[in-house]
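Participant: Mind having a look at this structure? Questions to follow.
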Amino acid sequence: MGVLARADAASIAARLDDAPALPAHSRLRGPETGLVMARGRQGGDGAPFNLGEVTVTRCSVRLADGTVGHAYVAGRDARQAELAAVLDAALQDPAARPALLAAVIEPLAAEQAARAARDAARAAATRVEFFTMATMR
Amino acid sequence: MAYVAVKGGERAIEAAHAWLAEERRGDPALPELTLAQIEAQLGLAVDRVMAEGACHDRGLAALAIKQARGDLIEAAFLLRAYRTTLPRFGASNPIETDAMRIRRRISATYKELPGGQVLGPTFDYTHRLLDFALAAEGGTVPPAPERRTDAVPMPRVTGLLAQEGLMAPEPPSEAEPPDLTREPLGFPADRPLRLQALARGDEGFLLSLGYSTQRGYGNAHPFVGEIRMGAVTVEFEPPELGFPIELGEITVTECQMVNQFAGSRTEPPQFTRGYGLVFGHGERKAMAMALVDRALRAEELGEPVEAPAQNQEFVLYHCDNVEATGFVEHLKLPHYVDFQSELEKIRLLRREAEGE
Chain V
2 MGVLARADAA SIAARLDDAP ALPAHSRLRG PETGLVMARG RQGGDGAPFN
52 LGEVTVTRCS VRLADGTVGH AYVAGRDARQ AELAAVLDAA LQDPAARPAL
102 LAAVIEPLAA EQAARAARDA ARAAATRVEF FTMATMR
Chain U
4 MAYVAVKGGE RAIEAAHAWL AEERRGDPAL PELTLAQIEA QLGLAVDRVM
54 AEGACHDRGL AALAIKQARG DLIEAAFLLR AYRTTLPRFG ASNPIETDAM
104 RIRRRISATY KELPGGQVLG PTFDYTHRLL DFALAAEGGT VPPAPERRTD
154 AVPMPRVTGL LAQEGLMAPE PPSEAEPPDL TREPLGFPAD RPLRLQALAR
204 GDEGFLLSLG YSTQRGYGNA HPFVGEIRMG AVTVEFEPPE LGFPIELGEI
254 TVTECQMVNQ FAGSRTEPPQ FTRGYGLVFG HGERKAMAMA LVDRALRAEE
304 LGEPVEAPAQ NQEFVLYHCD NVEATGFVEH LKLPHYVDFQ SELEKIRLLR
354 REAEGE
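Chains as they are written, first to last, in our numbering: chain V, 2 to 138; chain U, 4 to 359.
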């Protein structure tokens, strides 16, 4: 679910092109956009406080076999929320799950991990190395 | 106060708004700004509008900035107004900033600390000379250097001090925090309520108040224990699922300000913290918030409350720029009847004074 929440509709849809077709679904609720109050902790590790709201889009769907899928994703991307809900439902089918994981979830997770690794590498390049001053003497 | 419904002026208002739209667009010979451009290239303005609008949505903040012609307080106002049209699904689990994917992390109290000093994309150490290369468009930016390393843990600096028993610990609590978007501000305001108000407060106001505590209005001896900026995961537990799911990642900036505390009858001398947390990359705001948070703790720590920054009502009633702009700018609305009565009164007093 976290992987789908971090991916936009276009990249989910692009992965679905190479995946087994998703089952037909009907909408139970949404997609609809609302707010979730994001909380922090005082001092970083103390009592919770309300930091501010985040826009969130949610969607619930039902597949023909009755399986229900839910999604809540940050932002206002209705298509992302609906695709995530359908995938949530479809992934509950043990027969369909491995193929969907391999075609959609794992590649998206890999893309996200690569982006995070690039960010981490750029951050690491700005890490101050104080010992270099000592060796210059 | 009495306001009078004034009829007429409709045509004038329509014409004014049409002119506003034209001014907003500017020279039609120039390409129109896109929201994606604002989001990507005026990112810190977007962050500020999200923080002061108290609503995290980069696209909406970019739209608000475009609509407000770059007036960031007007943009925050637009965002606040929009959020009132949306339903509230609930509240997130508290974000855990120690698990942040760090883009920047510095400490002014320890040179060498676990995880090190990570500068990130900062204005610090730039020369503040106008860069005319940016005036010439079409330049390409070379990619920032990368260094692939194993993940390094970055424990909180306050945690390092707490291990030695030198930092006042935050009492563990999962208490439901008060929410000033649901209940009007009341006094005395608990720290969670104060932090909510400060997090959405005006950066300029908090900056000046924080500055005042450094200059002697309030007994502050602050050190930047740590500033960290990066992506945190927001988790939410939908009632229909009954377990937390990840909504996505947002960028936040956190500042832990470390302050001396002389001790009291019940507490030994130790350090105490001022805390700042804001949406986006907002370092100045997070630092100012942390200074003011610490100043507002004066009463609970048994310190004298003398300076403006230590006065809860003064700070919390005036830090919200949307409320402040509303009340200041309402003076532009017709006050014809009010003023007429003032005019009559002054004339009467003048006649009386002259008659004597």
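Beta carbons are placed, not taken as given, at the ideal position from N, Cα and C, and that holds for glycine. What you are looking at is a predicted structure, and each value in this text was computed from that prediction instead of being measured.
Just confirm the distance between the C-beta atoms of residue 233 (chain U) and residue 107 (chain U), as a whole number of angstroms; I'd bet it's less than 8 Å.
Facilitator: 7 Å between Cβ atoms; contact.
Participant: For a cutoff of 8 Å on Cβ pairs, would you count residue 35 (chain V) as touching chain U?
Facilitator: Residue 35 (chain V) counts as touching chain U.
Participant: May I have the straight-line CA-CA distance separating residue 138 (chain V) from residue 222 (chain U), to the nearest angstrom?
Facilitator: Residue placement at residue 138 (chain V) cannot be trusted, given a pLDDT of 45 that sits under 50; what the coordinates show is reported in the next sentence. Whole-angstrom Cα-Cα distance: 41 Å.
Participant: Could you tell me which whole alpha helix (DSSP H) segments of length 4 or greater appear in the segment 266-340 of chain U?
Facilitator: Counting only runs of 4 or more, we get 286-299, 315-321, 324-332.
Participant: Report the start-end ranges of each beta strand (DSSP E) in the segment 110-142 of chain U that is 3 residues or longer and not cut off at the edges.
Facilitator: Counting whole runs of 3 or more residues, the segment 110-142 of chain U contains no beta strand (DSSP E) stretch at all.
Participant: Just verifying my parser: in three-state terms, what is the DSSP assignment at residue 35 (chain V)?
Facilitator: In the structure shown, residue 35 (chain V) sits in a strand (DSSP, three-state: E or B).
Participant: Would you call residue 201 (chain U) buried or exposed, if buried means 16 or more other Cβ atoms sit within 10 Å of its Cβ?
Facilitator: It is buried - the Cβ of residue 201 (chain U) has at least 16 other Cβ atoms within 10 Å.
Participant: Measuring alpha carbon to alpha carbon, tell me which residue in V:35, V:76, V:27 is nearest residue 68 (chain V).
Facilitator: Nearest C-alpha to residue 68 (chain V): V:27.
Participant: Measuring only the C-alpha atoms, how far is residue 114 (chain U) from residue 231 (chain U)?
Facilitator: Using only the alpha carbons, I get a separation of about 15 Å.
Participant: Give me the chain U residues within the contact set of residue 87 (chain V), using Cβ-Cβ distance strictly less than 7 Å, ordered along the chain.
Facilitator: Near residue 87 (chain V) there are no residues of chain U at all, since even the closest Cβ is about 16 Å away, more than 7 Å.
Participant: For residue 175 (chain U) and residue 186 (chain U), I'd like the C-alpha separation in whole angstroms.
Facilitator: Each residue's alpha carbon lies about 24 Å from the other.
Participant: Tell me whether the beta-carbon of residue 75 (chain V) lies closer than 8 Å to the beta-carbon of residue 124 (chain V).
Facilitator: The answer is no: Cβ separation not under 8 Å.
Participant: Do residue 2 (chain U) and residue 41 (chain U) have their CB atoms nearer than 8 Å?
Facilitator: There is simply no residue 2 (chain U) to check, as chain U begins at 4 and stops at 359 in what is shown.
Participant: When we look at the beta-carbon of residue 43 (chain V) and count the other beta-carbons within 10 Å, is it buried (16 or more) or exposed?
Facilitator: With 16 or more Cβ atoms within 10 Å of its Cβ, residue 43 (chain V) is classed as buried.
Participant: Let's test the definition: count the other Cβ atoms within 10 Å of the Cβ of residue 78 (chain V) and tell me whether it reaches 16, buried, or not, exposed.
Facilitator: Buried, because 16 or more other Cβ atoms sit within 10 Å of the Cβ of residue 78 (chain V).
Participant: Pick helix, strand or coil for residue 131 (chain V), following the three-state DSSP scheme.
Facilitator: In the structure shown, residue 131 (chain V) sits in coil (DSSP, three-state: anything other than H, G, I, E or B).
Participant: Candidates U:191, U:164, U:80, U:241: which alpha carbon is nearest residue 275 (chain U)'s?
Facilitator: The candidate whose alpha carbon is nearest that of residue 275 (chain U) is U:164.
Participant: Return the first residue and the last residue of the alpha helix (DSSP H) that residue 214 (chain U) is part of.
Facilitator: Per DSSP, residue 214 (chain U) belongs to the alpha helix (DSSP H) from 206-217.
Participant: Rounded to the nearest angstrom, what separates residue 310 (chain U) and residue 217 (chain U) at their Cα positions?
Facilitator: Each residue's alpha carbon lies about 11 Å from the other.
Participant: Are residue 120 (chain V) and residue 61 (chain U) touching if we call contact CB-CB under 8 Å?
Facilitator: No.
Participant: For residue 2 (chain V), which beta-bridge partners are listed by DSSP?
Facilitator: For residue 2 (chain V), which the question treats as bridged, DSSP gives no partner whatsoever.
Participant: From what residue to what residue does the alpha helix (DSSP H) around residue 64 (chain V) run?
Facilitator: No alpha helix (DSSP H) holds residue 64 (chain V); the beta strand (DSSP E) holding it covers 49-64.
Participant: Which residues bound the beta strand (DSSP E) around residue 250 (chain U)?
Facilitator: That run of the beta strand (DSSP E) goes 248-264.
Participant: Residue 228 (chain U): buried (16+ other C-beta within 10 angstroms of its C-beta) or exposed?
Facilitator: So residue 228 (chain U) ends up on the buried side.
Participant: Tell me, please, whether the segment 14-23 of chain V touches the segment 150-170 of chain U by the rule of three or more beta-carbon pairs shorter than 8 Å.
Facilitator: The segment 14-23 of chain V is not in contact with the segment 150-170 of chain U.
Participant: Specify, as a first and last residue, the run of the alpha helix (DSSP H) that residue 190 (chain U) falls within.
Facilitator: Neither: residue 190 (chain U) is in no alpha helix (DSSP H) and is coded neither H nor E.
Participant: What residues from the segment 41-71 of chain V come within 7 Å of chain U, judged by C-beta to C-beta, listed N to C?
Facilitator: Here the close residues are 41, 42, 43, 44, 45, 46, 47, 48, 49, 50, 51, 52, 53, 54, 55, 56, 57, 59, 71.
Participant: Are the segment 323-338 of chain U and the segment 89-96 of chain U touching, with three or more C-beta to C-beta distances below 8 Å?
Facilitator: The segment 323-338 of chain U is not in contact with the segment 89-96 of chain U.
Participant: Distance check for residue 19 (chain U) and residue 123 (chain U), CA to CA, integer angstroms please.
Facilitator: Cα-Cα distance, rounded: 45 Å.
Participant: Would you please verify whether the beta carbon of residue 16 (chain V) is less than 8 Å from any beta carbon of chain U?
Facilitator: So no, residue 16 (chain V) is outside the interface.
Participant: For residue 238 (chain U), report the span of its beta strand (DSSP E) as first-last.
Facilitator: Where residue 238 (chain U) is concerned, the enclosing beta strand (DSSP E) stretches over 225-239.
Participant: Would you decide whether residue 12 (chain U) is buried or exposed? Buried here means 16 or more other CB atoms lie within 10 Å of its CB.
Facilitator: With fewer than 16 other Cβ atoms within 10 Å, it is exposed.
Participant: Could you give the distance in angstroms between the alpha-carbon of residue 254 (chain U) and the alpha-carbon of residue 317 (chain U)?
Facilitator: Their backbone Cα atoms lie some 30 Å apart in a straight line.
Participant: Taking 8 Å as the threshold (beta carbon to beta carbon), is residue 80 (chain V) in contact with chain U?
Facilitator: No, its Cβ sits nowhere closer than 8 Å to a Cβ of chain U.
Participant: Check each candidate in V:13, V:62, V:116, V:72 and name the one with the smallest Cα separation from residue 239 (chain U).
Facilitator: With distances taken between Cα atoms, residue 239 (chain U) lies closest to V:72.
Participant: With 16 other CB atoms within 10 Å as the buried threshold, where does residue 57 (chain V) fall?
Facilitator: Answer is buried; the Cβ neighbour count reaches 16.
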